[in-house]
Structure formats: C-alpha cells, structure tokens
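Trainee:
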Amino acid sequence: MNEFYNKDIISIKDFSKDQLEKIFTSTDKMIQLDSSQRREICKGKTLGYLFYEPSTRTRLSFDSAMASIGGNSLGISNISSSSTQKGESLADTVKIMSIYSDILVLRHTLDGSSRFASEISDKPVINAGSGTEEHPTQAIQDLYTIKKEKKKIDGLKIGIVGDLKYGRTVYSLLYGLGNYDVDVRLISPESLRIRSDSTYDIKKNIDFTESTKLEDHIDELDVLYVTRIQKERFPDEEEYLKVKGSYVVGQDLVNQMKDDSIILHPLPRIDEISTEVDKTKNAKYFQQAEYGKYTRATLLGLTLNENGF
Ligand code: NCD
Numbered sequence: 001m002n003e004f005y006n007k008d009i010i011s012i013k014d015f016s017k018d019q020l021e022k023i024f025t026s027t028d029k030m031i032q033l034d035s036s037q038r039r040e041i042c043k044g045k046t047l048g049y050l051f052y053e054p055s056t057r058t059r060l061s062f063d064s065a066m067a068s069i070g071g072n073s074l075g076i077s078n079i080s081s082s083s084t085q086k087g088e089s090l091a092d093t094v095k096i097m098s099i100y101s102d103i104l105v106l107r108h109t110l111d112g113s114s115r116f117a118s119e120i121s122d123k124p125v126i127n128a129g130s131g132t133e134e135h136p137t138q139a140i141q142d143l144y145t146i147k148k149e150k151k152k153i154d155g156l157k158i159g160i161v162g163d164l165k166y167g168r169t170v171y172s173l174l175y176g177l178g179n180y181d182v183d184v185r186l187i188s189p190e191s192l193r194i195r196s197d198s199t200y201d202i203k204k205n206i207d208f209t210e211s212t213k214l215e216d217h218i219d220e221l222d223v224l225y226v227t228r229i230q231k232e233r234f235p236d237e238e239e240y241l242k243v244k245g246s247y248v249v250g251q252d253l254v255n256q257m258k259d260d261s262i263i264l265h266p267l268p269r270i271d272e273i274s275t276e277v278d279k280t281k282n283a284k285y286f287q288q289a290e291y292g293k294y295t296r297a298t299l300l301g302l303t304l305n306e307n308g309f
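The opening residue of the sequence shown carries number 1 in this note's numbering; numbering runs sequentially from there.
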C-alpha cells in the first residue's frame, strides 16, 4: 500500500524528508505521463472544496489537477452563497461535503480549521490554507520548484521577504525547509517579523538570520521568495498603511542578484515584484504556479489510490 493513501494533508510538519522526496519523484512521473494515462488515475473520483476565503490559484489548481487525472470537483468557493450564511456550522458543512466527495479541500480563516475538519470528515482532508498557520500544498509546490529549478535544495541560501508575520505560506515553507541543509535570510519590516511562537520550532532545524533590508542580502541569495503583505489579516488599516509597499523587487534589484538565482512568489502579487521582472530569466513564479498543478495532481493521485499511480 502507498503510505499516502487515505491520509490527511494538514501540516507540512507531518511529512518526513523521505516522504517529501517520494512526492517529488511521483510528481516527476506525473509530468512524464501522457494525458490519457493521467486521466485514469482518479477516474470517477470527486474532490469537494470549501473555500471560506478568496482564492484563485489554489482552488483552480486543485480543480484543474483533479480534471487532469480524470476526476471531477464540486464545492463552494464563495461562502456567502452557501448555508453558512443561514448559520450552518463548519462541522456540519464538512460532514455533508464528505458525503458528496472522496476528498475534501478546505481553506478557512481560522488556524486549526483543517485539523478540526479532518476529525469530522470520513474522507481525507487537504488543508488549502488555515488562517495564518499553514498552507502545506503550497510548500510542497515551492520545494518542488526549488528542486527542479536549482537541481537541489541542500546547500542553498534562501531569502524570504515580506509579510513573515501573517503569511502562512512562509511557515509551511520554513517547516518544510527544516528537512534540508539550508541557510535562510528572513527579511521583513520590524512589525512583520516571524512570529516568536514559531521561531522556537524553526530554530531547531534551520539556521536563519533576520533583517529589515533586502539590499543587504540580495547578492548572496540562490532563491528569493517574495510574499504579499497580507492586508486582510491586519487588525487595523493604519498598521497596514505603515508597511504597504515596503519591498518592491524591480529590475535594479534583479541586476544585483546572482546570475542563476531564482525569484519565487506564491501569488497573488500586488506590487512587491514589478511586472518588468517577469521577463527576466530569474522570474520563476509562473513556472512555480504550473508546478503546483502537478504537485497537487500527485497528492490527489497518491491519497486516492491504495497502490499509488
Ligand atoms: C497564498 C495564501 O493564500 O496564503 N496564496 C496562494 O494560495 N497561492 C498567498 C497569499 O495570499 O498571499
């Protein structure tokens, strides 16, 4: 039996290095299959999604990943049109969705929401973003992108810049990187530094430094991971305005980067990477989005097939 069969994907911390590497190998295989072979993998299976927060990429990439392996998707992407508005609890909504589908994908504003859902659902649950806590499938996509584009993860110098306080992709990425031998530079405004309740965990596995200046590190990085300031998570608009536009990666900064360095972003981008950077060979964020479709198809294929694919 494949070890991912019927398992929830709630936190990247639940994955060992060996398991991550297995997922990457399976993703390579997924990419190599021709489309008719791929369509057999989840034929007749249904993915149910519940998105309590806006999303474009994540929901569509699950949708298109499921379609590419022969399955279908149904769900609620706009919670204001659902029975939640009538007062239905998350628990009941999850229970009902798990009747209609073979696997559930949940995005919710609350930390812990996916873990909670997985305790209620009879079907496996994939966390597609739980509050400011985690976004494990994004991290798998990010690590896979680094591996493909840099041919390795060990030994790299990785800068993570932007909103390190509220950005859940940052936490999942850092926990995932903890399996590798990397040097990390965390760069953020003072008020958006990594949350101290997580630094303890991260410090156990990763060497990192913290700073506010991207210019100080730009020329030493192999990977620059840029994040959006998470406006919707700020308790107060004033606080957001103070840090809005703190970092903008433009051509001037790219010119200072190592020739073979790569720039990643989980997207959506607001203004933190200028569009002029898109055409540079360092810009890999759209490629990263494409890899996300394959890593998600792989996760679905492994979770839904006892013998893998
Ligand atoms: C991220 C998220 O939802 O956390 N988006 C995504 O899934 N690619 C990042 C963000 O919203 O900034």
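All C-beta atoms, glycine included, are put in the ideal place defined by N, C-alpha and C.
Given the structure is predicted, the values throughout are model-derived calculations rather than measurements.
Would you mind reading off the limits of the alpha helix (DSSP H) that contains D339?
Mentor: Any property of residue 339 remains undetermined from this structure, which presents the chain solely from 1 to 309.
Trainee: Counting pairs of beta carbons, one from the region 32-42 and one from the region 266-275, are three or more of them closer than 8 Å?
Mentor: At 8 Å Cβ cutoff, the stretches do not touch.
Trainee: Based on DSSP bridge pairs, tell me the residues matched to Y225.
Mentor: Beta-bridge pairing links Y225 to I160 and L264.
Trainee: The ligand NCD heavy atoms versus the CB of E237: any closer than 8 Å?
Mentor: Result no, Cβ not under 8 Å from the ligand NCD.
Trainee: Taking three-plus beta-carbon pairs below 8 Å as touching, is the region 151-171 in contact with the region 183-198?
Mentor: Output reads yes: the region 183-198 touches the region 151-171.
Trainee: For D102 and L304, which I take to be in contact (beta-carbon distance under 8 Å), what is that distance rounded to the nearest angstrom?
Mentor: With 8 Å as the limit, D102 and L304 qualify as a contact, their Cβ atoms being about 6 Å apart.
Trainee: R329: beta carbon under 8 Å from a heavy atom of the ligand NCD?
Mentor: One cannot answer for residue 329 here, as it falls past the ends of the chain, which runs 1 to 309.
Trainee: Give me the Cα-Cα distance between Q32 and S89, rounded to the nearest whole angstrom.
Mentor: Rounded to whole angstroms, Q32 to S89 spans 42 Å at the Cα level.
Trainee: Locate the alpha helix (DSSP H) running through D207, then write down its first and last residues.
Mentor: Where D207 is concerned, there is no enclosing alpha helix (DSSP H), although the beta strand (DSSP E) it sits in stretches over D207 to S211.
Trainee: I'd like to know whether the C-beta atoms of Y180 and L156 end up nearer to each other than 9 Å.
Mentor: Yes. Within cutoff.
Trainee: Check whether the Cβ of A65 sits closer than 8 Å to any heavy atom of the ligand NCD, and report yes or no.
Mentor: A65: no, Cβ never under 8 Å from the ligand NCD.
Trainee: Can you name the start and end residues of the alpha helix (DSSP H) that I103 belongs to?
Mentor: Here I103 belongs to no alpha helix (DSSP H); instead the beta strand (DSSP E) covers I103 to H108.
Trainee: Taking one C-beta from the region 102-115 and one from the region 185-205 each time, how about it: are there three or more such pairs within less than 8 Å?
Mentor: No, the region 102-115 is not in contact with the region 185-205.
Trainee: If you follow the beta strand (DSSP E) that N72 is part of, which residue opens it and which one closes it?
Mentor: Unbroken beta strand (DSSP E) run through N72: N72 to I76.
Trainee: Using 8 Å for Cβ pairs, my map puts P54 next to Q138. What's the rounded Cβ distance?
Mentor: About 15 Å separates the two Cβ atoms, so there is no contact after all.
Trainee: Can you find a heavy atom of the ligand NCD that lies under 8 Å from the Cβ of R195?
Mentor: No - the ligand NCD has no heavy atom lying nearer than 8 Å to the Cβ of R195.
Trainee: Distance, Cα to Cα, L214 vs T295?
Mentor: Their backbone Cα atoms lie some 30 Å apart in a straight line.
Trainee: With a cut-off of 8 Å, do at least 3 Cβ pairs link the region 241-257 to the region 197-206?
Mentor: Touching, no.
Trainee: If you count every other CB in all the chains shown that lies within 10 Å of the CB of K281, and 16 or more means buried, which is it?
Mentor: Exposed.
Trainee: Under the DSSP definition of a beta bridge, which residues are partnered with R115?
Mentor: Paired residues: none, contrary to the question.
Trainee: I want to check one thing, is the minimum distance from the CB of G129 to the heavy atoms of the ligand NCD below 8 Å?
Mentor: Result yes, Cβ under 8 Å from the ligand NCD.
Trainee: Taking the continuous alpha helix (DSSP H) assigned at A297, which residues delimit it?
Mentor: Residues Y285 to L304.
Trainee: Using the C-alpha atoms, what's the distance from I146 back to Q256?
Mentor: Cα to Cα, the separation comes out at about 20 Å.
Trainee: Spatial neighbours of N78 within its chain, please: CB distance less than 6 Å, with the 5 preceding and 5 following residues excluded, ordered by chain position.
Mentor: No residues qualify anywhere along the chain.
Trainee: Reducing DSSP to helix, strand and coil, say where L214 ends up.
Mentor: If DSSP states are grouped into helix, strand and coil, L214 belongs with coil.
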